[in-house]
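Visitor: Dropping a structure here in structure tokens format, bear with me for questions.
Okay, structure coming up:
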């Protein structure tokens with residue numbers, strides 16, 4: 009449920025917008041960070057999770073790669089997203105009705 013609530017907060021602008029459809033969100037009382045990529049505001053994908061104690065931030069090369077990944081997700085059709093979920097490449101953790109907006 010914490011991940012769903014975090015996405016709701018991202019949707020409200022309560023995250024660091026890194027540009028290009030990439031967001032950084034603090035989790036678990038600021039102990040962890042999540043890099044989230046958005047697909048046209050319809051799908052929010054947790055792409056990378058890391059502990060703050062292990063590293064301060066992602067580097068510029070990683071950010072560029074996440075922005076490229078966000079563009080790739082944006083180019084996918086709903087049918088392609090559904091296929092990725094069906095094949096187990098993506099896992100839905102919450103749906104609109106689960107998030108507190």
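Numbering (this note's numbering), first residue to last: 9 to 109. Yeah, the Cβ is synthetic: ideal placement off N, Cα and C, and Gly gets one too.
If you follow the beta strand (DSSP E) that residue 26 is part of, which residue opens it and which one closes it?
Guide: By 1-based counting over the chain shown, the position of residue 26 is 18. Residue 26 -> beta strand (DSSP E) spans 24-27.
Visitor: Within its chain, find whatever has a CB closer than 7 Å to the CB of residue 64; leave out the 5 residues flanking it on each side and keep chain order.
Guide: Sequence index remark: in the chain shown, residue 64 carries index 56 (1-based). Nothing meets the Cβ criterion.
Visitor: Out of 78, 38 and 61, state which residue places its alpha-carbon closest to the alpha-carbon of residue 31.
Guide: Position 23 of the chain shown, counted from the first residue, corresponds to residue 31. That would be 78, whose Cα lies nearest to the Cα of residue 31.
Visitor: Cα-Cα, which of 57, 72, 96 and 19 is closest to residue 49?
Guide: As a position in the chain shown, residue 49 is number 41, starting the count at 1. Of the candidates 57, 72, 96 and 19, the one whose C-alpha sits nearest the C-alpha of residue 49 is 19.
Visitor: Once DSSP output is grouped into helix, strand and coil, what is the label at residue 63?
Guide: Position 55 of the chain shown, counted from the start, is the residue given in the question as residue 63. DSSP places residue 63 in coil when its eight states are reduced to three.
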